[in-house]
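Residues in the sequence shown are numbered consecutively from 26, following the working numbering. For glycine and all other residues, C-beta sits at the position ideal for the given N, C-alpha and C. What follows is a single structure, written as structure tokens, with notes after it.
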Amino acid sequence: MKSSPANTECAQLLKSLADATRLRIVHALFKQDLCVSDLVRRLRQSQPHVSHHLKILKNSGIIDFQRHGQKVYYRLTSRMRSKFGRDKRTISLKCCSIVFKG
Numbered sequence: 026m027k028s029s030p031a032n033t034e035c036a037q038l039l040k041s042l043a044d045a046t047r048l049r050i051v052h053a054l055f056k057q058d059l060c061v062s063d064l065v066r067r068l069r070q071s072q073p074h075v076s077h078h079l080k081i082l083k084n085s086g087i088i089d090f091q092r093h094g095q096k097v098y099y100r101l102t103s104r105m106r107s108k109f110g111r112d113k114r115t116i117s118l119k120c121c122s123i124v125f126k127g
């Protein structure tokens with residue numbers, strides 16, 4: 026049985042989001058663009074740990090970045106931002122939804 030393009034895209038997104046730290050990063054970036062040091066403080070994780078997860082999210086097309094002087098600010102791609110519902114707590118994928126609590 027062949028997988029449809031929609032199912033393949035959904036599976037790839039779910040794989041990229043299948044980590045608590047990455048979900049927390051996505052939720053934080055929905056609210057505002059943040060640099061690594063902001064995310065380190067907010068997540069209470071080490072810089073290498075946060076950078077590792079940012080790389081995975083960037084490589085999967087969930088986030089991108091913009092340089093402001095010496096700092097690099099990360100943000101959700103417009104493609105990912107469009108998947109958030111009006112309640113700003115739900116990511117609606119073609120196969121399922123992810124709801125952030127609190």
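For residue i, which option in the options has the closest C-alpha, if you only look at C-alpha atoms?
i           : options            : result
residue 107 : 94, 93, 86         : 86
residue 64  : 99, 95, 44, 120    : 99
residue 42  : 91, 83, 90         : 83
residue 51  : 78, 91, 97         : 78
residue 112 : 39, 56, 38         : 56
residue 96  : 62, 30, 36         : 62
residue 35  : 124, 117, 126, 125 : 117
residue 60  : 102, 38, 76, 47    : 76
My output table needs one value for residue i: the three-state DSSP class, helix, strand or coil.
i           : result
residue 6   : With the chain running from 26 to 127 in the structure shown, residue 6 is simply not present.
residue 100 : strand
residue 63  : helix
residue 47  : helix
residue 76  : helix
Using DSSP's beta-bridge definition, name the partner residues of residue i.
i           : result
residue 122 : 117
residue 93  : 96
residue 88  : 101
Go to residue i, then tell me how far its alpha helix (DSSP H) extends in each direction, as first and last residue.
i          : result
residue 37 : 30 to 42
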